[in-house]
Amino acid sequence: MHRSLIWILIILMSVALYLVFIWSPIEKVMGNVQKIFYFHVGSAWVAFLAFGVVFVYSILFLMKRKRSYDMIAGISAEIGVLFTAIVLTTGPIWGRSAWNTWWTWEPRLTTTFILFFLYLAYIFIRRMDGAWEKKARLAAVFGIISFIDVPIVFMAIRWWNSKLHPIVFGDAPNQSGGGIEGEMLVTLLFCLGVITLLYIVLLQKGIYIERTKLAVENVKKNIQEKLMK
Amino acid sequence: MRDLIKSALAITWKDLYAEWRTKQVFSTMLIFSGLVIVTFSFAFDPTNNTIRAVIPGMIWVITIFAGILGLNRSFISEQYNDSLHGLIVSPIDPSSIYFGKFLSNFIIVLFVQMITIPLLFILFDYKMNGNILLFLLVLFLGSAGFICVGTFLAALSANSRSSEMLLPIILFPVISPIVIAAVQSTRILLIDVEEIESLFSWISLMAGYDLLFFVFCFFLFEFIMEV
Amino acid sequence: MIKTVTLNKTIAEKTILNDINITVNQGETIGILGPNGAGKSTILKIIGGLMKPSFGHVMIDNIPVKENNLEIKKKIGFLAHNSYLYEHLSPVENLTFFGKLYQVNQLEYKVKELIREVGLQFFMNEPVRSFSRGMIQRLAIVRAIVHDPSILILDEPHTGLDQQASRILNELILKKKEQKTTILMVTHDLAQAIETCDRFILMKKGVIIDDFVLENKNVHQLKEIYLRQVG
Numbered sequence: 001m002h003r004s005l006i007w008i009l010i011i012l013m014s015v016a017l018y019l020v021f022i023w024s025p026i027e028k029v030m031g032n033v034q035k036i037f038y039f040h041v042g043s044a045w046v047a048f049l050a051f052g053v054v055f056v057y058s059i060l061f062l063m064k065r066k067r068s069y070d071m072i073a074g075i076s077a078e079i080g081v082l083f084t085a086i087v088l089t090t091g092p093i094w095g096r097s098a099w100n101t102w103w104t105w106e107p108r109l110t111t112t113f114i115l116f117f118l119y120l121a122y123i124f125i126r127r128m129d130g131a132w133e134k135k136a137r138l139a140a141v142f143g144i145i146s147f148i149d150v151p152i153v154f155m156a157i158r159w160w161n162s163k164l165h166p167i168v169f170g171d172a173p174n175q176s177g178g179g180i181e182g183e184m185l186v187t188l189l190f191c192l193g194v195i196t197l198l199y200i201v202l203l204q205k206g207i208y209i210e211r212t213k214l215a216v217e218n219v220k221k222n223i224q225e226k227l228m229k
Numbered sequence: 001m002r003d004l005i006k007s008a009l010a011i012t013w014k015d016l017y018a019e020w021r022t023k024q025v026f027s028t029m030l031i032f033s034g035l036v037i038v039t040f041s042f043a044f045d046p047t048n049n050t051i052r053a054v055i056p057g058m059i060w061v062i063t064i065f066a067g068i069l070g071l072n073r074s075f076i077s078e079q080y081n082d083s084l085h086g087l088i089v090s091p092i093d094p095s096s097i098y099f100g101k102f103l104s105n106f107i108i109v110l111f112v113q114m115i116t117i118p119l120l121f122i123l124f125d126y127k128m129n130g131n132i133l134l135f136l137l138v139l140f141l142g143s144a145g146f147i148c149v150g151t152f153l154a155a156l157s158a159n160s161r162s163s164e165m166l167l168p169i170i171l172f173p174v175i176s177p178i179v180i181a182a183v184q185s186t187r188i189l190l191i192d193v194e195e196i197e198s199l200f201s202w203i204s205l206m207a208g209y210d211l212l213f214f215v216f217c218f219f220l221f222e223f224i225m226e227v
Numbered sequence: 001m002i003k004t005v006t007l008n009k010t011i012a013e014k015t016i017l018n019d020i021n022i023t024v025n026q027g028e029t030i031g032i033l034g035p036n037g038a039g040k041s042t043i044l045k046i047i048g049g050l051m052k053p054s055f056g057h058v059m060i061d062n063i064p065v066k067e068n069n070l071e072i073k074k075k076i077g078f079l080a081h082n083s084y085l086y087e088h089l090s091p092v093e094n095l096t097f098f099g100k101l102y103q104v105n106q107l108e109y110k111v112k113e114l115i116r117e118v119g120l121q122f123f124m125n126e127p128v129r130s131f132s133r134g135m136i137q138r139l140a141i142v143r144a145i146v147h148d149p150s151i152l153i154l155d156e157p158h159t160g161l162d163q164q165a166s167r168i169l170n171e172l173i174l175k176k177k178e179q180k181t182t183i184l185m186v187t188h189d190l191a192q193a194i195e196t197c198d199r200f201i202l203m204k205k206g207v208i209i210d211d212f213v214l215e216n217k218n219v220h221q222l223k224e225i226y227l228r229q230v231g
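In structure tokens:
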């Protein structure tokens, strides 16, 4: 199942690359740089999806106390942070040509930046010392708190921003489907799908690695017990 | 509910009384705030007129950095003799521990602000000519939101051996909306009085944040208190 | 009356308790004995509400502990290895604080009487920080009984106490026993256990291996059984 998903992913990924770089038209104003935005938007979407998964599985964990729920939440957070990092690097690359500056304290960018720190904090809680039950419980609580924080962060930053600068970047091309060409939209949607599949594959892989780690730990413990007898 | 508030007040009173006896946290926070003010005077030329623009930011930097010192202590001090376990086995709702701790931390921070903010104004020769009552309301709401989440996350991070390092890392991202709102509304009150209409939306954002997080922290607290 | 039903506890994949079923009647005094890591303290913590079992549940007075939590907690007095006291507060302030949490009536009078009973009346208003281990333990035990609990849980109460403090502690426990308080005690000290307890539960590696009544106060007999069972 996992193996076949990987093959499907590889094929679809190649198709996506073809669509992005060859099939879809080149944007008139920004030129080739605009191509990065297919991955930028895709990563942003997966990051939000991943953090949503953290939220859902945190609640589930607090209710059911199953280790697998905690595992999924933890891995999903790691993947989310990874994709947030991709968003935070592709954003400035694109912004350099679109807005002529690497970084602006634009609401979406700033929120992503804080999101990055929020879930980094979540991972730090998971790296705490002690039994896994304790870490899982505390991380789950933080996973809930941080997810409900996200919309408030976004709102606060948008208000803050609109007061400081008049709306300069009003409609960057990635926001509305309206100004976007049909082929670009198809490519974008395809990329979203492929990156979501990538997320699923990564999640599976992460769970597999985590389970292997646990198995190794158990074997170690058993050997230790036998040797000490 | 009445019992909950009663036991919460008993915890608040116990904390404040112990603090009154030792004055440890309070004096540390005050001295630290003083040092931050001195550092600001090096960083920003106090004789320059533009200094007015950074005063709102200074107020909240002082509050938050000094507040973190107190928050760190608030649950670590309960670990000595395991007295937190004493609270857990007693017949009180876990949320009342949160509520009691919230109140005592909040009161201490308000006292610190009562001294440091006038001191800041005097040292930077700032004449307050805005609406004092609104200013106090902003201080109240901003500090409440900060302490509300801060107390909760202090309890969370107290489970770690390196809680002093963990708390700032997990606290700052979560309180970023309240920091933005508090600094912005303070700026409007102290400097840009002409933007007074937008003050209301900032104040309602803070009130909403306070309410939302208080409710969430209040109900999630029992998960933190498990042993 | 306390009843534990298939109590299980695992922490980080390690089994601490394995299917513990104990029934304790009102007024019984029970000593739980066993080597380190047998899970003795964990049972007390679960009954006292400090820890949740991974599986199974505790019934106190025929009510599962999950519901009606606060009413049951009021019936339990818990003395752990640590004193739970606040360093910067005096004995009176400590007891008043905990008395408030337990909603004790006539608190002021009661606090003074309890302090007198353990001989700390001259240090009533000194901060606990300056106390010796023996004094702290005396205060810790009255902290546990400030609300007249009908169940008293003691986790190694004799550790680190001198002769005199042990004697005062035993007197207090015996007095509670006369008042038909149910007492559960974990201890390593067989001599102290036989002074106060009538029934003994032997544990090893998270399971109960023996459960017997011994009322003749014969330490040697207890030691013999302990060595034979636990080894």
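Protein chains in written order, with full-length UniProt numbering: chain A, 1 to 229; chain B, 1 to 227; chain C, 1 to 231. We treat Cβ as the ideally placed atom computed from N, Cα and C, and that holds for glycine. All values derive from a computational prediction rather than experimental measurement.
Ordered along the chain, which non-local residues of its own chain (more than five positions away) have a Cβ less than 7 angstroms from that of residue i?
| i | result |
| --- | --- |
| C:His81 | Asp155, Glu156 and Thr159 |
| residue 228 of chain B | Given that chain B is displayed from residue 1 to residue 227, the structure contains no residue 228 of chain B and the question cannot be resolved. |
| B:Glu164 | Asn72 |
| A:Leu202 | Ile79 |
| A:Val87 | His40, Ser43, Ala44, Ala47 and Thr112 |
| B:Ser33 | Ile62, Ala66, Val112 and Thr116 |
| A:Leu12 | Val194 and Leu197 |
| B:Met225 | Ile88, Pro94 and Ile97 |
| B:Lys6 | none |
| A:His165 | Reliability of the predicted coordinates at A:His165 is poor, the pLDDT of 38 falling under 50, and the value obtained from them is presented with this limitation in mind. None. |
What residue does the beta strand (DSSP E) around residue i start on, and which one ends it?
| i | result |
| --- | --- |
| C:Phe55 | Phe55 to Ile60 |
| residue 308 of chain C | What the structure shows of chain C is the stretch from 1 to 231, and residue 308 of chain C is not part of that stretch, so it cannot be assessed. |
| C:Ile201 | Arg199 to Lys204 |
| C:Thr182 | Thr182 to Val186 |
| C:Ile208 | Val207 to Val213 |
| A:Phe116 | Element bounds for A:Phe116: not the beta strand (DSSP E) but the alpha helix (DSSP H), Pro107 to Arg126. |
| C:Leu79 | Ile76 to Leu79 |
May I ask you to report which of helix, strand or coil DSSP gives residue i?
| i | result |
| --- | --- |
| C:Gly37 | coil |
| B:Glu206 | As written in the sequence, residue 206 of chain B is Met, which differs from the Glu given in the question. If DSSP states are grouped into helix, strand and coil, B:Met206 belongs with the helices. |
| C:Lys9 | strand |
| B:Pro46 | coil |
| A:Thr84 | helix |
| residue 231 of chain A | With chain A covering only 1 through 229, there is no way to say anything about residue 231 of chain A. |
| B:Ile191 | coil |
| A:Lys135 | helix |
| A:Thr89 | helix |
| C:Thr4 | strand |
| A:Thr101 | coil |
| A:Gly95 | helix |
| C:Lys45 | helix |
| C:Gly31 | strand |
Using C-beta distances below 8 angstroms, list every residue in its chain close to residue i, excluding the 5 sequence neighbours before and after it, in chain order.
| i | result |
| --- | --- |
| A:Pro25 | Glu181, Glu183 and Met184 |
| C:Val118 | Arg138, Leu139, Ile141, Val142, Ile168 and Leu172 |
| C:Asn8 | Thr15, Leu17, Asn18, Asp19, Ile20, Pro53, Ser54, Phe55 and Gly56 |
| B:Ser41 | Leu123 and Phe124 |
Determine the extent of the alpha helix (DSSP H) in which residue i is found, giving its start and end residues.
| i | result |
| --- | --- |
| A:Lys226 | Gly182 to Met228 |
| B:Leu35 | Gln24 to Ala43 |
Closer than 6 angstroms by C-beta to residue i: which residues in its own chain qualify, once you throw out the five before and the five after it? Chain order, please.
| i | result |
| --- | --- |
| A:Ser135 | Inspection of the sequence shows that residue 135 of chain A is occupied by Lys rather than by Ser. Once the five neighbours on either side are set aside, the close Cβ partners of A:Lys135 are Arg126 and Met128. |
| A:Leu138 | Ile125 |
| A:Gln34 | Glu27 |
| A:Phe83 | Ser43, Val46 and Ala47 |
| C:Val128 | Leu85 and Glu87 |
| C:Gln229 | Leu202, Ile209 and Asp210 |
| residue 238 of chain C | The shown model of chain C, from 1 to 231, leaves out residue 238 of chain C, and the question about it has no answer. |
Thinking residue i and residue j are a contact (beta carbons under 8 angstroms), I'd like their distance in whole angstroms, please.
| i | j | result |
| --- | --- | --- |
| B:Ile178 | B:Gly145 | 4 angstroms |
| B:Gly130 | B:Leu69 | B:Gly130 to B:Leu69, Cβ: 29 angstroms. No contact. |
| A:Ala140 | A:Leu62 | 5 angstroms |
| C:Thr182 | C:Glu71 | The pair is not a contact, with the Cβ atoms about 16 angstroms apart (cut-off 8 angstroms). |
| B:Ser90 | C:Leu101 | 4 angstroms |
What do you reckon, is the C-beta of residue i under 8 angstroms from a heavy atom of the ligand ADP?
| i | result |
| --- | --- |
| A:Tyr199 | What this structure holds is no ligand at all, so the ligand ADP is not there to describe. |
* **4-residue-minimum alpha helix (DSSP H) runs that sit fully inside the segment 118 to 167 of chain C, ordered along the chain** => 133 to 144
* **Unbroken stretches of the alpha helix (DSSP H), 4 residues or longer, contained in the segment 55 to 143 of chain B** => 55 to 76, 83 to 89 and 94 to 123
* With 8 angstroms as the limit, tell me which residues of the segment 123 to 141 of chain A have their beta carbon closer than that to any beta carbon of chain F; keep them in chain order. => The chain labelled as chain F is not found among the protein chains of the depicted structure, namely A, B and C.
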